[in-house]
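S.K.:
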Amino acid sequence: MSRHSVSTEVNGRLYEREVDARLLLSDFLRHELGLTGTHVGCEHGVCGACTVLLDGEPVRSCLIFAVQADGRKLATVEGLASSPDELHPLQQAFRDAHGLQCGFCTAGILMTMVPFLEENPAPTETQVREALSGNLCRCTGYQHIVDAVLLAAERRA
Amino acid sequence: MSVLGSSIKRREDPALITGKGKYTDDFSAPGMLHAVMVRSPFGHARVKAIDIAAAAGAPGVAAVYTAANITASGTPGVIPTAWLLPNLKTPAHTLLATDRVRYVGHPVAVLLAESRAAATDAAALVKVDYEPLPAVVDPKAAVAEGAPLLYDEAPGNIAFDWELGDKAATDAAFSGAAKTATLTFRNNRTLPHAIEPRAALAAWDSENGKLTLTMTSQNPHVHRLLMTIASLGLPEHKIRVIAPEVGGGFGSKIHHYADEAIAAWCSIQIKRPVKWTATRTESNLTDAHGRDHWSTAGIAIDGDGKIVGLRIETHAAMGAYLSTFAPAVPTYLYGTLFSGQYDIPAIHVHVIGTFTNTAPVDALRGAGRPEATFAVERMMDAGAAAAGLDPAEFRRRNFIQPDAFPYQTQVALAYDSGNYPQALDKALKLADYDGLRARQAERRADPKGGKLLGIGLSSYIEACGIAPSAVVGSLGAQAGLWESAKVRVHPSGSVTVYSGSCAHGQGHETTFSQIVSDRLGIDMDQIDIVQGDTEEVQFGMGTYGSRSAAVGGSAIVKSLDKIIAKGKKIAAHLLEASVDDIEFENGEFKVKGSPGQAKAWGEVVLNAYLAHNLPEDLEPGLEETSFYDPANFTYPFGTHVAIVEIDPETGEIEILRYVAVDDCGNQINPMIVEGQIHGGIAHGLGQALWEEARYDESGQLTSGTLLDYALPRAHHLVTYELEHTVTPCPHNPLGVKGIGEAGAIASPAAVANAVCDALKPFGVDHVDMPFTPEKIWRTLQGRGS
Chain A
3 MSRHSVSTEV NGRLYEREVD ARLLLSDFLR HELGLTGTHV GCEHGVCGAC TVLLDGEPVR
63 SCLIFAVQAD GRKLATVEGL ASSPDELHPL QQAFRDAHGL QCGFCTAGIL MTMVPFLEEN
123 PAPTETQVRE ALSGNLCRCT GYQHIVDAVL LAAERRA
Chain B
203 MSVLGSSIKR REDPALITGK GKYTDDFSAP GMLHAVMVRS PFGHARVKAI DIAAAAGAPG
263 VAAVYTAANI TASGTPGVIP TAWLLPNLKT PAHTLLATDR VRYVGHPVAV LLAESRAAAT
323 DAAALVKVDY EPLPAVVDPK AAVAEGAPLL YDEAPGNIAF DWELGDKAAT DAAFSGAAKT
383 ATLTFRNNRT LPHAIEPRAA LAAWDSENGK LTLTMTSQNP HVHRLLMTIA SLGLPEHKIR
443 VIAPEVGGGF GSKIHHYADE AIAAWCSIQI KRPVKWTATR TESNLTDAHG RDHWSTAGIA
503 IDGDGKIVGL RIETHAAMGA YLSTFAPAVP TYLYGTLFSG QYDIPAIHVH VIGTFTNTAP
563 VDALRGAGRP EATFAVERMM DAGAAAAGLD PAEFRRRNFI QPDAFPYQTQ VALAYDSGNY
623 PQALDKALKL ADYDGLRARQ AERRADPKGG KLLGIGLSSY IEACGIAPSA VVGSLGAQAG
683 LWESAKVRVH PSGSVTVYSG SCAHGQGHET TFSQIVSDRL GIDMDQIDIV QGDTEEVQFG
743 MGTYGSRSAA VGGSAIVKSL DKIIAKGKKI AAHLLEASVD DIEFENGEFK VKGSPGQAKA
803 WGEVVLNAYL AHNLPEDLEP GLEETSFYDP ANFTYPFGTH VAIVEIDPET GEIEILRYVA
863 VDDCGNQINP MIVEGQIHGG IAHGLGQALW EEARYDESGQ LTSGTLLDYA LPRAHHLVTY
923 ELEHTVTPCP HNPLGVKGIG EAGAIASPAA VANAVCDALK PFGVDHVDMP FTPEKIWRTL
983 QGRGS
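In order, the protein sequence lines correspond to chains A and B.
According to this note's numbering, the first sequence holds residues 3 to 159 in order.
According to this note's numbering, the second sequence holds residues 203 to 987 in order.
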């Protein structure tokens, strides 16, 4: 098994590791870097739980190899809040609108909706639902997630 | 405003939304090995030989074990059934398959390696010599003559043949009825799909002979008990089961499975920590599935549109072995619901549970009650059609009246409270039912046709708050279904509650704290809730069956009442008053009618611990434990209305609106109640519209990934329109009934009734779930309008 060096910036901090070529980015984040806030739900790119930002774009970290992140910037849920005492506005909206129950899918949904709201600061409910359509949640029936995203947008306005 | 009944934001959330919540797979241990199972690729086969040599020598592999190793270790090594019915066939179910595999996914060997990748690579090198056998996957086909047999000791593949109600009286009611209607229908098999796959981290401590098992569990004490008595044989106090954050369960993490026990056995055997985490497909192959019935039901009515009899024959698939509570699901959690919300004088339920070459079927959100509600509510629409009445009017004529409680049904349950006409009326008003019917009539009269409008009602009842121990014991449960709570008041007045409930998304830390804050008059931040760890919490039964508020919450109240009673004695002593004159209010112990004669909570608590000046008969300290056994089930109810539109050209269904009026008694936290209802509705809409676990004839699961099994997504669904009625439960101290499953119980029937209503002009009596566009389109092609 060939080993490759990966140098990547995650949430503003530089990490350098030697990894197997086949190591998934999700496993790299979780098991090499200990950033277990990114969750793995299906490992075939359907549930969206493992979504992280790669150079600002949401990607499924279970469909990318760690080596593909070499020289690039990653953002995960751990880096979302600006300080331990202050939630990111979207996190705050999720709390206020009860946008999560078991919390397992939440990181992936946050990392999908943060760039969505950057691009669509005043979305309609339909747009929010479309944007959420790549993330599975089995607990909430989605309504409070939709409410949370709309609440975050409203507060930005 | 009282803290009880307020939509207080969840205290669970800050950790969960920042990625700090720890789920089982987030834990590791030094020296940890990774377990990967070798699973049967056949639905049914004889195992002739297993060659592990190549795998054992593969890079990074520490061990390969088969059933022979487990047997040789002297471990009991079985997975038991914890609910026994009369004449139930319970073939032995070993952790690893021995000479026969009976479903795809049945584990035959386990590999331990330094990495999960190495274990996965080496698993492919295990050579298993299988002799494939004919399989049977359908519960009705399983009992047909000549069907392949799973177990010699279960002729006809029959695990049990069970009935409830009065057959003779029901037959007589049908003979004398003015009209009858019959339907045959399927309740489609579904997959649980908790987004977190099942996982376990087992760490054996040789020095102390103790196992710590971190796992995805809804009931860690139950898992520990079953590990002790059936799987591992270790004394119970030598096993610590921890359920950390659990990423959804829906029933699938109640059950005791082979995989977690295998991981535990491996850790003991190899004396290193062992982690096993299921892939999504492994979850789908081995998590207990839900539903999977074939039924034929009949309804008999008199000339006034009153029901005189209801009967049903059901074939229920049990899968390849009987999972933990599986026998109860299509029997006592199903047959007992056949009176629905209605006064029905004669009911008969007959269920045949069959072994099939599939994953086991056990409790899944609603567990038996969605299947029963589907049957009853489909029959209500069939009965309405036979009577020539509107479905709402037919329901109204047959409701148990609000003054008829307690109401003894013909199928064992005694309903404690309810107001069914009120919930129906509220739902019809919210939906604008009359307006919808008028629109539907207009559309149907329009020669240009267009989209087909369907309106479906589901007036559901459920029996939850599971359950009175003596009752379930008499019905075959091998466990009591009470719940425990220990309330520890610390010397400075803050409180830690140890609850036997085990949340996995339900928000107990918040709602249980609300109960304590309300009762003791102390701030929420003075209260902690501990759950999910057998080392910290006294024995508890866990979270399922919408039981945590009604049973777990009541256990907390019971302990709080003991705390307050002791506090009153201390206060009376300090105030030199009679204990009967002390009342406790807003965190103060007061002498009735003597303003200013009072002791604050903190002072009384401190005195309990100082013990310098206590009444003679009182022990120091302030800590109470209770085991609350409910007097009855609780009976949430309501009416849901689904409004759908079908495109006759494509068969595509759009949910236009979904209206739900639910009554779960008093609400501790309305925000959380709403969230539970939403999730339940979506789960049921999934079953109705998209979800189906399909096996081919050889026993292959052809919907084992998320690419071929459709879960509901945000853009499929609508904004649910919710209202409530409040009929408090009369037999628990909180007046609560439970709400975790209501949505999933009500919604499949509501959608099915709406779809069949839309197709009524085409002479369609019934279509089976899931209502895929193809199925609807084919149905329409087969019928003229």
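A virtual CB, placed ideally from N, CA and C, is assigned to each residue, including glycine.
These numbers come from a predicted model, not from an experiment.
Please identify the residue among B/Val957, B/Pro914 and B/Ala519 whose C-alpha is closest to the C-alpha of B/Val846.
M.R.: If we check each option's Cα against that of B/Val846, B/Val957 comes out closest.
S.K.: By Cβ distance below 7 Å, which residues in the same chain neighbour B/Ser987 in space, the five residues on each side in sequence not counted?
M.R.: Note that B/Ser987 has pLDDT 44, beneath the 50 cutoff, so the model's placement of it is unreliable and no number is given.
S.K.: Name the chain B residues whose beta carbon is nearer than 8 Å to that of A/Ala68?
M.R.: The premise fails here: A/Ala68 is roughly 12 Å from chain B at the closest Cβ pair, so nothing lies under 8 Å.
S.K.: Does any residue of chain B have a CB that is nearer than 8 Å to the CB of A/Leu153?
M.R.: For A/Leu153, the answer is no, since every Cβ of chain B falls outside 8 Å of its Cβ.
S.K.: For the pair the segment 867 to 880 of chain B and the segment 140 to 157 of chain A, tell me if three or more CB-CB distances fall below 8 Å.
M.R.: With the cut-off at 8 Å, the segment 867 to 880 of chain B and the segment 140 to 157 of chain A touch.
S.K.: Is B/Gln983 helix, strand or coil by DSSP?
M.R.: Helix.
S.K.: Quick one: which residues of the segment 137 to 153 of chain A get their C-beta closer than 8 Å to a C-beta of chain B? List them in chain order.
M.R.: Residues Asn137, Leu138, Cys139, Arg140, Cys141, Thr142, Gly143, Tyr144, Gln145, His146, Ile147 and Val148.
S.K.: Given a threshold of 16 other Cβ atoms within 10 Å of its Cβ, counted over all protein chains shown, does A/Glu88 qualify as buried or as exposed?
M.R.: The residue is exposed, with fewer than 16 neighbouring Cβ atoms inside 10 Å.
S.K.: Can you check whether the C-beta of B/Thr907 is within less than 8 Å of a C-beta belonging to chain A?
M.R.: Yes, because at least one Cβ of chain A sits closer than 8 Å to the Cβ of B/Thr907.
S.K.: From B/Phe376, B/Pro475 and B/Ile431, pick the residue whose C-alpha is nearest to that of B/Asp407; which is it?
M.R.: Checked all of B/Phe376, B/Pro475 and B/Ile431; the closest Cα to B/Asp407 is B/Pro475.
S.K.: Excluding the 5 residues preceding and the 5 following B/Arg639 in the sequence, name in chain order all residues of the same chain whose CB lies nearer than 8 Å to its CB.
M.R.: Result list for B/Arg639: Asp592 and Ile657, in chain order.
S.K.: Please report the residue range of the alpha helix (DSSP H) in which B/Met873 lies.
M.R.: B/Met873 -> alpha helix (DSSP H) spans Pro872 to Leu891.
S.K.: Checking the sheet assignment: what are the DSSP bridge partners for A/Thr10?
M.R.: A/Tyr17.
S.K.: Along the alpha helix (DSSP H) that carries B/Ala324, what are the first and last residues, could you check?
M.R.: Start and end: Arg318 to Ala325.
S.K.: Find out if the Cβ-Cβ distance for the pair B/Thr292, B/Thr283 is shorter than 8 Å.
M.R.: The answer is yes: Cβ separation under 8 Å.
S.K.: How is A/Asp72 classed by DSSP in three states: helix, strand or coil?
M.R.: In this structure, A/Asp72 counts as coil in the three-state DSSP scheme.
S.K.: For a test of the three-state rule: what should DSSP assign to B/Trp467, helix, strand or coil?
M.R.: Three-state result, B/Trp467: helix.
S.K.: To test your reading of the DSSP string, which unbroken alpha helix (DSSP H) runs of 4 or more residues are found completely within the segment 624 to 663 of chain B?
M.R.: The segment 624 to 663 of chain B contains these whole alpha helix (DSSP H) runs: 635 to 647.
S.K.: Does any CB atom of chain B fall closer than 8 Å to the CB of A/Cys52?
M.R.: A/Cys52 does not count as touching chain B.
S.K.: Please list the segments of the alpha helix (DSSP H) lying wholly inside the segment 352 to 407 of chain B, counting only runs of 4 or more residues, in order along the chain.
M.R.: Whole alpha helix (DSSP H) segments, 4+ residues: 369 to 377.
S.K.: Using a C-beta to C-beta distance shorter than 9 Å, which residues of chain A count as neighbours of B/Glu644?
M.R.: Correct list: empty, because the minimum Cβ distance to chain A is about 27 Å.
S.K.: Is any non-hydrogen atom of the ligand ZN found closer than 7 Å to the C-beta of B/Ser694, if you look at the structure I gave you?
M.R.: As presented, the structure is devoid of all ligands, the ligand ZN included, so that no description of it is given.
S.K.: Taking all protein chains shown into account, decide if B/Gln642 is buried (16 or more other Cβ within 10 angstroms of its Cβ) or exposed.
M.R.: Looking at its Cβ environment, which holds 16 or more other Cβ atoms inside 10 Å, B/Gln642 is buried.
S.K.: Could you check what DSSP says for B/Gly867 in three-state terms: helix, strand or coil?
M.R.: Strand, per DSSP.
S.K.: Pick out whichever of B/Asp865, B/Thr386, B/Ser433 and B/Ala530 has its Cα sitting closest to the Cα of B/Gln680.
M.R.: Residue B/Ala530 is the option with its Cα nearest to B/Gln680.
S.K.: Quick check: what's the CA-CA separation for B/Gly348 versus B/Ala522?
M.R.: Cα-Cα distance, rounded: 18 Å.
S.K.: Applying the 10 Å Cβ sphere with the 16-neighbour rule, what's the burial state of B/Glu685?
M.R.: Its Cβ being crowded by 16 or more others within 10 Å, B/Glu685 is buried.
S.K.: Who are the neighbours of B/Ala396 on chain A, taking C-beta pairs under 7 Å?
M.R.: What B/Ala396 touches in chain A: Arg140.
S.K.: Is the beta carbon of B/Ala802 less than 8 Å from the beta carbon of B/Gly789?
M.R.: Yes, these two residues count as a Cβ contact at 8 Å.
S.K.: Taking 8 Å as the cut-off, does the segment 535 to 542 of chain B touch the segment 387 to 403 of chain B (at least 3 CB pairs, one atom from each stretch)?
M.R.: Too few Cβ pairs lie closer than 8 Å, so no.
S.K.: State yes or no: is the C-beta of B/Ile252 within less than 8 Å of the C-beta of B/Ala311?
M.R.: Yes.
S.K.: When you compare the segment 382 to 392 of chain B with the segment 488 to 507 of chain B, are there three or more beta-carbon pairs, one atom per stretch, that lie closer than 8 Å?
M.R.: Touching, yes, given that three or more Cβ pairs across the two stretches are closer than 8 Å.
S.K.: Please report the Cβ distance between B/Val510 and B/Ala548, rounded to the nearest whole angstrom; I am assuming they are in contact, meaning their Cβ atoms lie under 8 Å.
M.R.: Yes, they are in contact, since the Cβ atoms of B/Val510 and B/Ala548 sit about 7 Å apart, within 8 Å.
S.K.: B/Val312 lies in the beta strand (DSSP E); which residues open and close that run?
M.R.: Where B/Val312 is concerned, the enclosing beta strand (DSSP E) stretches over Pro309 to Ala315.
S.K.: Just the Cα atoms here: how many angstroms apart are B/Val807 and B/Leu777?
M.R.: One C-alpha to the other measures close to 14 Å.
S.K.: With a threshold of 8 Å between beta-carbons, can B/Glu447 be considered close to chain A, or not?
M.R.: At least one chain A Cβ lies under 8 Å of B/Glu447.
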